Amino acid sequence: MLKYGGRFENYFSRHHVTHIICSNLPDSKIKNLRSFSGGLPVVKPTWVLESVAANKLLSWIPYQLDQLASETKKQPKLSAFGFKSGPVLDDLEESISGQAVPQSGIATLRTSCSLEANIFGKAECTEEVEECHSVSDDPFHPNAAESADQAPTYCMENHCEVELDAAVVVQSDAGYHSHISPCQDPKSDHNDCLEDHIIEESSSSKTIRPSTTGHSTLSDANFVENYFKFSRLHFIGTWRNRYRKRFLSSANGFKDMNPSRNAFATSQKTTIIHVDMDCFFVSVVIRKHSDLKDKPVAVCHSDNSRGTAEISSANYPARNHGVKAGMFIRDAKALCPQLVILPYNFDAYEEVADQFYDILHKHCNKVQAVSCDEAFIDVTDLRVEDPELFARAIRTEIHETTGCTASAGIAGSMLMARVATRIAKPDGLCYIPSEKVDDYLHELPVKALPGIGHVLEEKLKKKQINTCGQLRLISKESLQKDFGVKTGDMLWNFSRGIDNRLVGVFQESKSIGADVNWGVRFNDLNDMKDFLLKLCKEVSLRLQGCGLKGRTITLKIKKRRSDAGEPVKYMGCGDCENLSRSVTLPMATDDVDVFQRITAQLFGYFHIDARDIRGAGLQASKLESADRNMRGHEKYSIRSWLVSSPARKSSMAKGKGDQLYSDIGPPVQARGSFSGGEAYVAHRATLPALHDLDVGVIESLPPEVLSEINDLYAGELISFISKKKEKNAGNNVMDEEQSLSNPLVPPNKDFVHNVAEKIKSSEKEDEQYINKMIQGLPETSGSVTALLPETDSLMPSSLSQVDSSVLQQLPEELLADVLESLPAHRRPDFMSNDVYLDHIRDQTGAIDFLPSNNLWVGNPPRWVDNFRLSSCQLLNRIAVLYNKSSPRGQFSSVLQLIMSEYPLDDGGDDAVNCLCELMKQYIKLKIETDVEEIYTCSCLLRRLTSRSELFLQVYNCIIPHLQAAVGETYGGDLNICFIE
DNA sequence: ATCCTCCCCTAC
DNA sequence: TAAGGTAGGGGAGGAT
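Residue numbers (full-length UniProt numbering): 1 to 980.
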């Protein structure tokens with residue numbers, strides 16, 4: 001902002017700016033902005049999309065100025081030609097006045113969108129500013145630079161305790177009683193003492209806890225962060241990632257006992273050992289307190305015997321009283337009043353799990369981790385003489401090292417090894433030789449088979465199937481019919497002890513996500529928005545922690561069932577409907593802002609009352625490594641754009657250019673994607689020959705794009721252009737004059753120069769056309785049609801080539817002329833009707849453009865994934881699909897798609913008009929019900945202007961329309977500018 | 001036929 | 001009060 005200096009002052013007054021919405025400025029700059037603007041209210045809401053990088057935007061500005069200046073030269077007094085007053089006219093008139101258009105290109109930043117009317121209530125300007133400050137205090141806010149350092153959770157490494165303890169000290173938040181565990185204090189030896197201690201901690205935490213923290217999203221600003229710290233399920237769920245980092249990223253601790261015998265493996269009978277620690281969470285916590293081992297102990301967050309805290313793990317003495325994992329503490333205490341409740345000690349779990357796996361890896365190179373306390377090892381290759389002896393040795397070592405017991409099962413398959421462990425528990429060993437599989441399985445309850453949970457168990461029960469023996473009586477076909485092909489197959493195999501899975505097959509992550517389904521309560525949608533942002537942040541961090549990016553983003557919402565009351569479980573989610581929506585992007589991302597946008601969009605699909613939300617989760621799937629993603633990016637590079645698509649190249653090649661400005665180029669995101677000499681050598685041969693390029697088009701590209709293309713041609717492009725210009729200098733006197741006389745026109749981006757180039761390199765009819773144009777073309781057709789090469793008519797070949805906003809401002813008679821003179825057969829299928837309808841609607845006021853109130857969008861159809869369509873094709877498709885009108889979705893998702901992946905090159909006027917019409921109708925449709933969606937659209941659209949002339953046109957057409965609609969609907973005439 | 005999304009189920 | 005996460009697999013049904 002400071003770059004533009006004092007010009008801003010003029011800018012604010014000239015445009016009657018009343019509010020400033022800014023998305024991406026630090027507070028210090030906001031202060032400056034306020035003073036520049038003479039104290040205008042600055043709104044910095046969290047929902048504002050992050051704006052396009054200033055350098056990208058600015059790269060297009062000279063280009064736009066070019067066009068403006070050229071047009072205004074030819075049409076100095078637009079009103080004289082009967083143009084109706086309107087934004088287009090205003091824009092043009094303003095630029096004619098010369099000095100009003102700053103060279104810095106601020107004009108292109110000007111835009112209008114006044115949504116505070118809806119979001120904040122427009123009367124409370126001062127409060128908006130306050131809101132702005134409170135938002136910026138949020139550590140999760142994108143503007144809070146330090147937020148990345150405050151990453152919570154275990155995913156980071158093993159610093160958990162340090163971080164948490166620090167948090168306790170710094171925040172004076174004594175709520176984390178479970179980490180002030182008495183078990184960490186070797187002096188606390190007595191049971192009574194332990195209990196006292198815990199009770200004391202619990203009660204003290206109650207009194208000390210600041211009022212700002214709490215048990216729900218309503219009362220704790222850092223709820224998500226804290227929640228994961230304290231969640232046992234989160235610990236379990238994320239453990240595998242930590243394990244991978246520790247044990248699979250290096251050969252550390254691995255030992256191949258007998259590599260030379262691998263060759264015999266095939267002839268060897270497989271031997272698998274399943275090792276499982278006994279009641280892990282309890283054992284670890286009491287491992288140094290032998291006096292507790294015979295007493296009933298359970299691990300739980302709370303010792304409040306009236307409460308609904310869940311027992312996570314109970315030792316065998318407790319189980320003997322009927323205490324089970326998952327039970328509410330009040331029920332457990334009812335069954336066993338003397339039950340000792342101990343808090344979690346996640347760090348201890350981590351430590352013991354490491355010891356456990358150190359031991360396994362030390363003895364065997366084929367280890368498959370199931371969880372922190374359970375693993376399979378394949379000892380076939382070790383050719384141990386006595387697997388039982390081997391397993392016993394491991395169990396002993398585990399016990400000696402960790403102070404906790406482990407049970408083990410030995411069998412010929414993972415399935416049977418697991419069944420064996422189940423029999424062996426607690427603290428035992430069981431070997432099931434293959435000939436005894438049937439004996440063990442016959443009476444085994446089906447629920448004991450892996451993959452059969454309570455639902456499947458119930459279904460089987462209904463069919464009188466309780467044991468594996470009974471299950472075997474059912475034919476495979478019947479099982480597959482009732483439970484599906486794979487599940488039926490699994491049931492059939494497992495009931496016979498058949499399991500062909502292999503130990504140690506490393507699996508890549510397929511998805512990464514974060515869910516919170518406890519303590520989730522919202523008063524309104526702003527609460528939800530905040531919460532979703534935190535989820536986005538969390539998922540983004542987790543992805544980055546794994547070096548992955550995701551293409552599919554899924555939002556899950558738990559919605560209270562209408563008949564469900566407050567859940568039995570304190571702050572639980574209760575009986576909920578589970579909803580989920582996903583979007584697949586063509587480019588994988590780990591960008592929190594992208595997540596935020598998409599998430600907001602997905603959330604919009606649910607149309608849900610914030611007060612009914614009981615939980616939410618965000619997941620990224622279709623994962624790609626961040627590195628691979630970079631390489632994939634090259635697909636969208638300028639090089640590939642140049643070499644891969646004849647259709648695109650053709651419009652840049654001379655003699656074929658339909659539109660001088662149409663082929664603006666590939667997405668700016670492709671910049672810098674390749675510059676190495678090798679790439680040049682490899683691809684130079686496939687580039688179009690220099691003399692095939694249309695110099696005018698090349699020259700009109702933004703400098704950095706031009707520079708990149710120049711690199712492609714090893715620097716020959718620039719000199720080629722210079723030579724070409726010298727050669728043509730004599731014929732371009734007029735250009736020079738115009739260029740000099742208009743200080744706004746950068747010399748190397750002169751529109752008329754391009755036209756002259758066009759003349760030089762075009763066929764005869766083009767020359768004829770341009771001559772006509774210079775002689776005094778009717779200005780009525782506007783800028784776009786003026787650029788069209790018409791060989792036999794001054795009229796555009798179809799209305800699709802006309803900027804409809806210009807068209808609408810034509811004097812009525814002229815419009816009628818235009819419409820009538822069009823050859824009907826040249827109208828594009830989907831567009832001509834739209835424009836006609838606009839015209840007719842003006843006269844009759846009757847025809848509804850929209851087939852229904854539903855606009856297609858939602859997930860992209862498959863062609864989006866598979867092809868790189870030109871934006872023109874894309875928009876055609878959008879229009880077609882739009883008219884088909886499948887009932888769901890928001891337009892912003894289409895724009896999002898366009899922005900994130902499409903090479904915005906050959907839009908063409910069809911695309912412009914199509915999108916303009918779509919947008920107008922969409923605005924009309926949504927302005928009252930979902931103004932934020934409209935806002936999102938306009939923001940996306942605006943970002944696209946920096947990438948494509950096509951969207952610049954659409955944007956210029958739409959914004960006045962939007963402004964009018966906002967004014968009409970909300971009665972305001974706010975003029976708000978977006979500042980990068 | 002094959003893929004996709006939106007669920008549900010399962011395991012720890 | 002209490003911290004009901006995470007991830008893979010599969011099925012139904014629809015789109016291509």
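Note that beta-carbon positions come from the ideal geometry of N, C-alpha and C, so glycine has one too.
In this text the structure is predicted, and so the values were computed from the model without any measurement.
Who does residue i pair with in a DSSP beta bridge?
i: Thr552; result: Thr584, Ser621
i: Met277; result: Ala406
i: Glu374; result: Asp276, Ser371
i: Glu458; result: Glu458 is not bridged to any residue.
i: Gly615; result: Lys558
i: Phe328; result: Glu310
i: Cys336; result: BP columns for Cys336 are empty, so no partner.
i: Thr589; result: Gly550
i: Asn365; result: Its beta-bridge partners do not exist; DSSP assigns none.
i: residue 995; result: Only positions 1 to 980 of the chain appear in the structure, and residue 995 is not among them; the question remains open.
Classify residue i as buried or exposed, calling it buried when 16 or more other Cβ atoms lie within 10 Å of its own Cβ.
i: Phe506; result: exposed
i: Asn956; result: buried
i: Leu233; result: exposed
i: Leu810; result: Bear in mind that a pLDDT of 45 at Leu810, under 50, signals an unreliable position, so the model cannot answer this.
i: Val594; result: buried
i: Asp627; result: exposed
i: Gly412; result: buried
i: Thr401; result: exposed
i: His363; result: buried
i: Gln953; result: buried
i: Leu389; result: exposed
Out of the options, which has the shortest C-alpha to C-alpha gap to residue i?
i: Asp347; options: Phe230, Thr405, Leu555; result: Phe230
i: Asp612; options: Leu541, Cys536, Ala334, Leu525; result: Leu525
i: Trp518; options: Leu502, Tyr227, Val954; result: Tyr227
i: Gly617; options: Leu339, Trp239, Lys534, Pro296; result: Lys534
i: Asp373; options: Gly545, Lys293, Thr421; result: Thr421
i: Val568; options: Cys937, Ile329, Lys459; result: Ile329
i: Gln963; options: Val282, Gly307, Ser283, Ile927; result: Ile927
i: Lys425; options: Arg319, Glu310, Phe951; result: Arg319
i: Asn241; options: Val437, Thr554, Lys447, Lys510; result: Lys510
i: Glu435; options: Arg472, Ile498, Asp358, Asn466; result: Ile498
i: Val437; options: His361, Met416, Met571; result: Met416
i: Glu577; options: Tyr570, Val583, Asp563, Met587; result: Asp563
i: His361; options: Phe223, Lys269, Phe235, Phe247; result: Phe247
i: Val455; options: Thr308, Leu429, Pro433, Thr487; result: Thr487
i: Leu218; options: His442, Thr238, Phe522; result: Phe522
i: Val367; options: Leu941, Val503, Ile958, Ile553; result: Val503
i: Gln268; options: Val384, Phe281, Tyr570, Met327; result: Val384
i: Asn466; options: Phe280, Pro445, Pro296; result: Pro445
Going along the chain, which residues of its own chain have a beta-carbon closer than 8 angstroms to the beta-carbon of residue i, five neighbours each way excluded?
i: Phe606; result: Ile557, Lys559, Leu579, Arg581
i: Lys924; result: Ala965
i: Pro387; result: Thr271, Ile273, Val379, Ile410, Tyr431
i: Pro186; result: Its pLDDT being 32, under 50, Pro186 is placed unreliably by the model, and the measurement read from it follows with that caveat. Excluding residues within five positions, the ones whose Cβ falls inside 8 angstroms are Lys288.
i: Gln464; result: Gln470
Leaving out the 5 sequence neighbours to the left and right, which residues in its chain are closer than 7 angstroms to residue i when beta-carbon positions are compared?
i: Leu543; result: Ile512, Lys549, Gly550, Asp590, Ala620
i: Trp492; result: Lys476, Leu479
i: Ala325; result: Ile311, Ser312, Ser313, Ala314
Once you ignore the five residues that flank residue i on each side, which residues in its own chain have a CB closer than 6 angstroms to its CB?
i: Ala406; result: Val275, Met277, Arg395, Ile398
i: Lys288; result: none
i: Ser134; result: Confidence in Ser134 is poor, its pLDDT being 29 and thus under 50, which makes the residue's placement too unreliable to answer from.
i: Glu624; result: Lys549, Ala588
i: Ile452; result: Val446
i: Ser495; result: Cys468, Leu471, Arg472
*Which runs of the alpha helix (DSSP H) spanning at least 4 residues fall entirely within the region 502-565, listed in chain order?*
525-546
Note to self: Going residue by residue through the region 428-479, where are the continuous alpha helix (DSSP H) segments of at least 4 residues, counting only ones entirely within it?
What the structure shows: 437-442, 454-462, 468-472
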